[in-house]
Every structure is written in C-alpha cells, then in structure tokens.
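Residue numbers (this note's numbering), protein chains in the order written: chain A, -6 to 258; chain B, -6 to 258; chain C, -6 to 258; chain D, -6 to 258; chain E, 65 to 132; chain F, 65 to 132; chain G, 65 to 132; chain H, 65 to 132.
Cβ atoms here follow ideal geometry from the backbone N, Cα and C, with glycine treated the same way.
The structure under discussion appears below in the form of structure tokens.
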Amino acid sequence: MTTTTAAGAGPLVIAGVALPSRLLLGSGGYPSLDHLARALAASGTGVVTVALRRVEHAPGGLYDVVARAGVRVLPNTAGCFTAREAVETARLGREALGTDWVKLEVIGDERTLLPDAVELLRAAEQLVGEGFTVLPYTTADPVLARRLEAAGCAAVMPLGAPIGSGLGILDPHAVAMVREAVDVPVILDAGIGTASDAARAMELGCDGVLASSAVARAHDPAAMAGALALGVAAGRRAHQAGRMPARAAARASSAMAGRPGGSPA
Amino acid sequence: MTTTTAAGAGPLVIAGVALPSRLLLGSGGYPSLDHLARALAASGTGVVTVALRRVEHAPGGLYDVVARAGVRVLPNTAGCFTAREAVETARLGREALGTDWVKLEVIGDERTLLPDAVELLRAAEQLVGEGFTVLPYTTADPVLARRLEAAGCAAVMPLGAPIGSGLGILDPHAVAMVREAVDVPVILDAGIGTASDAARAMELGCDGVLASSAVARAHDPAAMAGALALGVAAGRRAHQAGRMPARAAARASSAMAGRPGGSPA
Amino acid sequence: MTTTTAAGAGPLVIAGVALPSRLLLGSGGYPSLDHLARALAASGTGVVTVALRRVEHAPGGLYDVVARAGVRVLPNTAGCFTAREAVETARLGREALGTDWVKLEVIGDERTLLPDAVELLRAAEQLVGEGFTVLPYTTADPVLARRLEAAGCAAVMPLGAPIGSGLGILDPHAVAMVREAVDVPVILDAGIGTASDAARAMELGCDGVLASSAVARAHDPAAMAGALALGVAAGRRAHQAGRMPARAAARASSAMAGRPGGSPA
Amino acid sequence: MTTTTAAGAGPLVIAGVALPSRLLLGSGGYPSLDHLARALAASGTGVVTVALRRVEHAPGGLYDVVARAGVRVLPNTAGCFTAREAVETARLGREALGTDWVKLEVIGDERTLLPDAVELLRAAEQLVGEGFTVLPYTTADPVLARRLEAAGCAAVMPLGAPIGSGLGILDPHAVAMVREAVDVPVILDAGIGTASDAARAMELGCDGVLASSAVARAHDPAAMAGALALGVAAGRRAHQAGRMPARAAARASSAMAGRPGGSPA
Amino acid sequence: MRATVNGAERSLPPGACVVDVLRACGIGEDERALAVAVDGEVVPRTAWGGTRVPDGARVEVVRPAAGG
Amino acid sequence: MRATVNGAERSLPPGACVVDVLRACGIGEDERALAVAVDGEVVPRTAWGGTRVPDGARVEVVRPAAGG
Amino acid sequence: MRATVNGAERSLPPGACVVDVLRACGIGEDERALAVAVDGEVVPRTAWGGTRVPDGARVEVVRPAAGG
Amino acid sequence: MRATVNGAERSLPPGACVVDVLRACGIGEDERALAVAVDGEVVPRTAWGGTRVPDGARVEVVRPAAGG
C-alpha cells in the first residue's frame, strides 16, 4: 500500500494533541471486556470514550482494559439532560481520569437521545470557562456548530443518525455544511453502522469518526474495528484525492473511435 | 464455476486464478500514461482492462506500461453493439494479448452505454464455446446473471450506475440480489465514483470492484487508486465482520442506570 | 381546484384506447371482494388486472365485481416462467375475457419474481404476432424497453422495486432512462408503496402507474386507492408544470435588501 | 395548544383557526404579481406569507393581490439574525397587516439561511409573551421543537432542506421525530421542490406544507401550485389510509397455486 | 377413457366433448369468463359442444382470479 | 432637525410628526398595510398625526414585500 | 449522622470523612479512576482524608463505565 | 489489387501477404500486442508471412488502447 505524505496528510490534531488515528471508539455495548480489548487493538485508535457511573454500576475492569490499551480516555457526559448535570459529570470525569478532555453530551430526551441545543451550548460555555477541552456531541447544524466553536470548543461532533441506530449519515448535506461552517475538527459521531458509512463521513470532509455500537454490536467486533479503520483511511484519502464529478449521463471510458469493423478514421 | 476455498478469507479467484487484489482497474481516461502507471502501482491491482482499437487510434505506449506493471491484461469489447462484433473483438484481443480472458461488453446504445441483455447472452454463449474465460458487464439483474452463469461465464459484472457517471450504486438491492443469485464471483463494474462506493459494493457481498473513471478522472489518480483499494478492503472486512442491525430508534451506548445524581439503583 | 386543458393534459392512450385514469389497479391481495369493489370505485381507475387460474382456485365472484365496476379487465400471465407458458396463459385470458390485451409477465424465479428478459421478449414477439395488445412487465432497462417496443408492444411496464415489496422506486434514474428510450406509454409497475411513490413515478415522466399490493394491503384500501389517484394526478401535473431546478445552496425567497434596521439602500 | 377534533379528518387548525387547505404558500420569487395571483387561486391555499420591507423596496401591488385572493396574510421575519431584529420586525408586521400571526425566522447566516436555535427560541418566548401567534421556522430537531412548543408556539415549521434548494426532505427520519415530539401542528417548510416532496411530508405525519420557490420558480407556477395541492392531499390521505409495510423480499400479488399447466392442487 | 383435468386424472365416457368435461367438474357451461384448453390449444366456447376430448388429453379449465 | 428614515438621512421641519415624515417620503397616509417604527418602537396608525419625531431619530417605514 | 451515597441513605459515624464513606461502601481508597462529589462539588483525592461529610449530604462515588 | 485496411482503401502489390499490409502501414511485424483479422477472421502472428490477402479484403489491424 502506498504512503501519502502530501499536505493534509498529517494526523488529526485536537487541542494541540496529535492523535494516532482518525477513528475514535466507544467502550459501551461489547459482549465482554475481552472483546473491547481486541477491538481497541484492531482499530489502531488513540481515543476511547467512557461514561461515568456510580461504582455499583461500573464493574472495575474497564479502566484496566483501557489503560493497558495505551489509549487516551475521553470521559463523556452521556445521560445528562441539563447543563448542570453535564458540568458536574464532566468534573467527576476530570477527577477520575486525570484529563480535562470531555465528550459533552446533553440530551433532550431519553427516546431520541438527541442533543438539546440550548443546554448543550450553556454547558459548553461553562466547561470551556473551567479549562476543559470540550468536544460536544451536536446535531448536524452548522449554525449551532459555529456557536460551539465560538464558545471555545476544541472540536464539534455532529451526529449522522440517532445514537445506536446504525443508519449511517441520514443528511450528508448537513454534515458537509457543518464542515464548511467551522475551523475546528469535525468528528462524525453517532449513526455509523459499517465501513462505507465511515468512508462517506471522511469524504464529506470530516476529520474523524467516532464509532461505538457499529463495533460493539457487530458479529465480530475486532474485525469491524479494523474495517472501520480502513474505511476512515479510505474516505480520508479519497477526499484528498479529489473525486471525479458525478454526472447523470454515461460517458465511455473506452473511446468509440477506432473500433475494428467501424468506418475509417 | 469457481470454488471458494476457506470461508471467505482467501483471495478473489476467477476461473481458477487467484488475484492479488479485489480491485480491478481500467486503463482509459487518464491524463497521461504516467498517471496510469502510478495509479496501477498505488492500487495494488492485479488486473487492468484495455480496449482493442485500430493501430492509428492506439498509441503504442499503453501495452508497455501495463506490461511493466506486471498485471494481468483483461481485453474488453467496449463499443460493440452486437454479439458478432463482440465475438470478433474478443478474438482479436485473445490474439493480441495472449489471454483467453475477456471482459464482455455488448451495449444497447451509445447514449446510456447500458448492456443489451439479448446480444450479451448470445455473445457469452459463443465465447464460452470457443474456450474464452468470459466476464460479462451486465445490468444488475439477478435473472440475467443466472443465465450468464449457466452459459459458463467465469464471473458476472453488474453495473452500479451508468459507465463514467460516478453515481455510485443506484440500486443496492438489485446488486444484493445478483450476489444471491449466482455462485461465480460478482464484480461491481461501472458507477463507482469514490471510496465509499467501493466499500458499499463489498458490503453488499460483491467479490470485487472494477473502477475506471473514478481513478482516471480524480484530481489525483494515484491517490484515488489507493483510496479505492482501502475502500474495497474496508468493505470486504466489514462484510465478513457482520454489521450491526440498523434500527429506526436510538439506543444508548452508555447505560442510563447509575448516573451520578440519579435515583438509587 | 383548477382544470388544465393544455397540451399533454389529455388521457392516457394505449393502443388507441383512451383510459379514464392514469392509475391502473391489481385485483390480488384484498381482504375481501368488497374491499376490492370499494377500492376500484375510490380509485377512478379504468383498468384492473386479473390472473387466470384453474376454476378450483378461482372463486367465482371476482369477475362479477370487476364487471360491475365497469372497468376494462387486463388479464396477466403471472406465475409463468417461460414464453410458452405465458403464451398459453395469454390465449386463455383472451378467450375467457374477450380482450386481446395482456399484461405479459414472464418471471425468472419465484423468489425475486423479476422478469426474464430473454423469455419475455420471445413471448412478446409471439403474442404481438398473434394480434395481442401486449403490455410487458419488465426490468427498468431502457435497452430491453426499446426491444420490446420494436417487437410491437403497446406499452412497457418497468418495475420500481420487486413485486409486493412496497419499496418505491429504487432506481429513479433507470426509470427516467426507460422513459427517454421509447415512444410507447411507460407504466410504472411493482414497488409502489404509497402516494408519494406514485407521484414520483409520474414526475419521472411515466404515463401511468399500476398499483396492487399498495392498495390491497393498506390498512384502508379504498382510502389508499384514492390517495394513489391523487398522487398520480399530482405527479403528472408537477411534471407538466416543470419543476424548479434543485440546487445545493440555499437561496432566499424573501429579499435581503430593504430589511428594516438595515443600512440604506 | 390546539385541539384536533375528529381523528385526523378535519381541516388544519392553528391557534383555533381552521384553514381551508393544508398547503401554505410564499409570495416571493414569482415572475410577476399576476403569476402570484394565479398560483394563489390554483392552490386553494388559505395562507400566504409576506416579508416586511422598507417602502422603497416593497412595490405597492403585493398587498392588493393578496387581499383580493381572500387569503390570510402571514408576515414573516425573513432576514433577521437576532431575536431583537425578529421581534421588531414581527411588531411591524402586526401593525402593517393587522394580524398577530407571525412566521418567525431567525437565521444563523446568510449562506445557509438555517435557523439559529438559540435566538429563535429567545424570540419565540418574547413574541408569545406579547400575544403573538408564533409559527417558527426551525431545524428538523425534535428537542428544539418541543422547546418551541413549550414556549407557546402555535405550530412548528421544520425545514426539509435549505430554503430555495428544492432538494426535498433530506432527513425524513428527523421530520418524523419532530412529528412525534410535539402536539401542535407541524408544517414542513423549506426544501419542497415538487409534488412528491409535498406528499412525502404529509406521509411522514406533517399537518401541512409551506411551499415558496417550488411554485414561484416552476416553469408554470399556477400548474405547480395545483400539483402541490394535489400532492398534499394525496400524502394526507395515504397517511390516514395506513400504508402497506415495506419489505425487502418480493411477494406475489397473484397466487402461484392453480396456474394452468401446473401440478394438481 | 381418461383425461387430466386441471392436473387431476378423471375418467370420462367415451366420446366425451369439452362440455361433458365441464359438467363432470360441476361447472355450468353458461358460466361467464371461462376458458378451456385441450392439450395446450384453446377451445372456443362455441366449439365446446362439438370438440371431442382425446383419450389421455390434458384439459385446463380456468377463469379470472385475483392478481396483480 | 434631522432623522434617519429607512436608513437615509433626511432633514425635517422642527416638530415634525410621523405623518410629516410619510409625506416627505411621498407616501400617502391612507395607504394600506403600512407600518412605522420610531427608534425601534412601532407607532400605531392612529398616532401618526400626534407623535413627534425626535431629532436624530431612526424611522422605519415598511410594508409587505414578496417573501417566503 | 446520615448521608445519601449514590442515591441510597446510609448512616455514618459522626465526623466521617470522604474516605470513611468509601470504606463503608467497601471501596478501597487506592482504587484507580475514582471520583467523589459531595453535594455537587468534587472532592479531590488528596482531600478525601480531610474532608468531612456534612450531615444529610449527597455523596456521589463514580468511576468509568462502558459508554459511547 | 486493393484492400480496406482499418477502414481506408489501400492499393497493395498483387499477392501481398498480411506482413506486407503491416509494412505498407508502417507497422513493424515485431511489434508486440498486435492482432490482425482478414475478412473477420483472425490471422495468427505465425501465419502473417504466409497468408495472402484476397483482393477487396477487409483487414483490421488492432492493438490495446486505453479502455475501461
């Protein structure tokens, strides 16, 4: 396989930190911690998200698995409905894990798990003010993305489809608009179901992809982790290569002129 | 008919020949032969298609480029409208290139460049009878694919979208039905525009992908060749990994239970 | 509501017969004959398809319902796998129903129920030669459509999606190419699931729509029959009205200039 | 909050006012006022939106056309970027047109014309407090829609695609989630390009559709207005009829049993 | 004499015509929208009375059924 | 005295009311569907005759325009 | 004295510090990746030994869990 | 004598073989990846020297060209 070293071929950098891969993984939903460990290894990822839960609900081994994998832990605020809850959870994550990075989730309801724009922005402003490196999970809304960037977020993480749905990128146009709206890295979060979804996200100009259920709930999570890593690389390189323009009409790739049996040239 | 060895793991085998890659390339439409040479190298492909044209219309250097690349040459019958024309062109290709493999194209009109089912099947029967290894470019029609297989074709090459359109796979359902209909390898041909299209083809169960304009007309053909190779690998591995089921409703990947500040367990 | 009387606003004419509606219905799959009768009335259709079956399998009341509805009966050759079977069934239909119209179906397998191009064309040629008015159910393949037209078919009936799937029009591009390929009427057959599908078919330039399962298996068949009739009318009129061009970028429908509070003009 | 009377049967009711049609029109972008007048008549609509502009930018005849059409005028706040601007514009609209209804638009930037969630909500709260009947143009975000409803909005108007794009409904899943999230009427606004888009919006459960560029920029605006009215009616009826379930596999609508020439029953 | 009527074997009186087959099946010859084929050839209604069914013939008697 | 009317500066007679501004702009006060705001506050039509425009005021005079 | 620890009421000895709460819950204070908040304020690990838990306090003891 | 070579008429010496046609076209007979058909039948390279081109024949001389 070839090595590209051209401009734009560098690593994903968030808040000044260069990451070893443009694929980020979640840690939830795996059949076992062993599956998680193997998926982390197969993916080559440098970042894994975790939730914060009361100790009775958080079996001890997860941290060891993640620590052994040598990846950066990214605590999330999953399950928070208000800015206040999210801020408190972020602070707990910082204390527990010794990182000021936080994947900020503030959801509007338990059914759709979609972000609440108002509370999200409020929480982002608060956490940036407290020195956090904030990566907000957001709707694929360029205007909100620009507000989050203006609030000091280190990246934005628009959703492709509802969390855990595996529906892919329901509105590619919106994701492309988010990409155009901000200068910080754009990480596609939620919705990825398979490798072509990850490739598509990168082709839309995203700087990275976070996958969770797509890996954890695949028949073979480690194999899917590898597949997504390839998909991210494929989409990234295709984006850089500059795709051919699509056109409605056919266009021959073999010339018609000079066919044997045809008329003279 | 081919025999697949280990459960989906091995290389693509056509007519008993194991190929080094599941990506096949065309040779048409490149800005220069040098671009072609670099794309072949970057792709890792083992097969490149060529047309047969009268010498006045066929500048000499192409064969040298392809020969130096060390890849198998697959002559096509592009531009043929009848079984008779296609058979004559196939014979010329066999003589010129010393191979009995042929990518069989019999098109119905110059505007859509879509296959003519009736003439295609007729040509396939004739060429199989003459000892050719026939890889027919066909509509994504499972019934026609089964007829082509029954006629002795070594693979079938359903189209994803019109030649040179770059529209991707317009009817994934049809391609999946073709895959279920036959035992011979299925190579997605025509329509691929970018890496995610190639990944998608493989996720639908295709055994390989032939790309032509997607590479030749990319801004950076060699980079796109590499991107497609990654996309094919990504889709292949994802297919084998067994993707998560898609679902309309969201499903949390972090448990709701045990959130700090919540009610007791 | 307005009345259009402009060119192109006339009725659907097949083989010289003007039909009262561009919506055609099937008769299969209804909860009861009474549901069928009410759906026929609600649809305003002028054509209903029937199969031919051995008397033990064909409860007597169907013909009465159809005859009372005052619509033209269009016998089909559903379930035939070969040209020979289809021709025999067509002849039985002509004798039983006193019409030389036939909806010609020759399928390739029982699983996909997709047409077999080769046998279909053979049967069409034979039946045209025997004086039938042939309406073939075909893949959305412009080359095959042109062959069927050349064989003397009175219309072509490309499929939108597999029979009974309700998936809509999986490859609109292919249907549009069929429309451009022939001069005879194009009736979208199979795949229609709801009213917007019917409208879309007409917007692609189709001259009519045949719906079967969409009506019969709706919760309220008569209401859905009415909905499809409206959808066909809507799509037809939209096609004639000439839709706005789609564009990727937004474009204000209220002028920005002259806003209160803005700068001077 | 509105009360829907009989199960889905009656007219669209907003803030207690029953409207004669579920199609609402814009007044911008027409080739002439005469085209607008004819489109209003052809559509059967009961509501037309207008902008408020300085008199030098607002040729006098528009109001007369709208008044003669006998439709309710719905002033918008198009072009406003902040809650303050939108509130001032809404007040001017109330004074000029003697209505406390307002289509509330607060956009985030001039390029995408997408709503700014934060300012939109702020403006909605303010205007509801001042006694306005507020119909906010919003992203297809169920969480924001629920907040707008909680703020007292009389309806929500999610966008299908960017204003003036004619791209249809880019994320039908999101629109369906909006419909499930609120009790007030949902009017699909922006993105409609043709009749099938309007039908689709209604099939997703929307209570109405607002079309502007789709009519104004059609080749024949009046014909397209009629087409959209039919499309809205078609989609509405299909939604009420309860569509057949879609399924991947084919399913015969003519029984296989009892075919002539087959085996005994 | 025997014939296969709609896939099932039946014994018929020697010299039976199409109309006899119908009666043997309990089908009135006046019933509308019927069609009959003997050995793959359609026998028009007007010929039902006069067309002998050969021994061993394959007879199909059909009518319209629900279909798409 | 001066005011900014629809973004453009104008000189007005001292003590000018809203209705004077309209006249100065060539707009009949009976024209339908007009609205006026002075310094961001809407002045109802009934008050046009009696509302003085302060020196340096920002006046907006609007009416319906084509919009979506 | 009482406190609500992870949502459940517990009785604690008077003057209990955070570290005592952990012990009462059977959690070793050396365990990695723990965090504690008392009445919504995080108590850093270094202060576990010296921070009294007020009567009626709400204490949260969390650690990383599987999440997306 | 005359032949149509790649669609263009040419005059050839009487008794010309395939190899003579190639030379007349300025094509070296050693060039790789060539194929020749005379009146629709491929003439193998080994027979180029010994195969006469009939008067009025249609000759095709092809090689690989860029194609998809």
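- In the displayed model, D176 (chain D) falls within coil according to three-state DSSP, outside both helix and strand.
- If you look at A11 (chain A), you'll find it in the beta strand (DSSP E) that goes 10 to 12.
- Around E124 (chain G), the beta-carbon contacts reaching into chain B at under 9 Å are P253, G254.
- Of all alpha-carbon atoms in A:R104, A:V66, A:L163, A:P165, the one lying nearest the alpha-carbon of L128 (chain A) is that of A:V66.
- Beta-bridge analysis with DSSP links C81 (chain E) to E:R116.
- Distances from the CA of R172 (chain D) to each of D:G101, D:E49, D:G201, D:K96 were compared; the closest alpha carbon is that of D:G201.
- Judged by beta-carbon spacing, V99 (chain C) lies within the 9 Å limit of D109 (chain C), meaning their Cβ atoms are closer than that value.
- Taking T75 (chain C) as reference, the option from C:A169, C:A117, C:R46 with the minimal CA-CA separation is C:A117.
- Chain-ordered listing is empty here: chain G has no CB closer than 9 Å to the CB of A234 (chain B), the nearest sitting near 18 Å.
- Secondary structure of R31 (chain A) (DSSP, three-state): helix.
- The region 95 to 144 of chain D is shown to contain whole alpha helix (DSSP H) runs of 4 or more residues at 110 to 122, 135 to 143, in chain order.
- With contacts defined by Cβ atoms closer than 9 Å, A44 (chain C) and G104 (chain E) do not form a contacting pair.
- For E196 (chain A), the closest of B:G186, B:L197, B:M249, B:G251 by C-alpha to C-alpha distance is B:G186.
- Neighbourhood of A204 (chain C) in chain F, by CB distance below 7 Å: empty, with the nearest CB roughly 34 Å away.
- In summary, the residues of the region 14 to 38 of chain D whose CB is separated from some CB of chain C by less than 8 Å are G19, G21, G22, A34, A35, G37, in the order they occur in the chain.
- Closest in C-alpha terms to L97 (chain D), from the list D:R84, D:E112, D:L107, D:N69, comes D:N69.
- In the structure shown, M170 (chain B) adopts helical secondary structure according to DSSP, grouped into three states.
- Against chain A, the CB of G113 (chain H) has no partner CB under 9 Å away; the residue lies outside that interface.
- Around L33 (chain C), the same chain offers L18, V41, A62, V64 as residues with beta carbons nearer than 7 Å, after the five sequence neighbours per side are excluded.
- Within the same chain, Cβ atoms closer than 8 Å to the Cβ of R229 (chain C) are found at R15, M195, the five residues on either side in sequence being excluded.
- Residues are counted here when their Cβ sits less than 8 Å from a Cβ of chain C; for the region 110 to 140 of chain B these are A110, V111, L114, T132, D134, P135, V136, L137, R139, R140, given in chain order.
- For G201 (chain D), no alpha helix (DSSP H) encloses it; the enclosing beta strand (DSSP E) starts and ends at 201 to 204.
- Using a CB distance cut-off of 9 Å, T82 (chain A) counts as an interface residue toward chain B.
- Going by DSSP, S75 (chain E) is part of no alpha helix (DSSP H) but of the beta strand (DSSP E) stretching over 72 to 75.
- For A51 (chain C), the secondary structure class from DSSP, reduced to helix, strand or coil, is coil.
- Straight through space, the alpha carbons of T126 (chain B) and Q119 (chain B) are spaced by roughly 11 Å.
- Within 10 angstroms of the beta-carbon of P214 (chain B) lie 16 or more other beta-carbons, which makes it buried.
- Looking from the CA of V6 (chain C), the closest CA among C:D176, C:P52, C:L113 belongs to C:D176.
- Between E95 (chain H) and chain B, the shortest Cβ-Cβ separation is below 9 Å.
- Looking at the DSSP output, D94 (chain E) bridges to nothing.
- Within the region 34 to 65 of chain A, the residues whose Cβ lies closer than 9 Å to some Cβ of chain G are T42, V43, A44, L45, R46, R47, V48, E49, H50, A51, P52, G53, L55, Y56, D57, V59, A60, listed in chain order.
- Judged by DSSP in its simplified three-state form, L18 (chain C) adopts strand.
- Within 10 angstroms of the beta-carbon of E73 (chain F) lie fewer than 16 other beta-carbons, which makes it exposed.
- Secondary structure at A67 (chain G): strand, using DSSP grouped into helix, strand and coil.
- If you check the CB distance, P178 (chain C) and V208 (chain C) do not come in under 9 Å.
- With a threshold of 9 Å between beta carbons, M150 (chain B) makes no contact with chain C.
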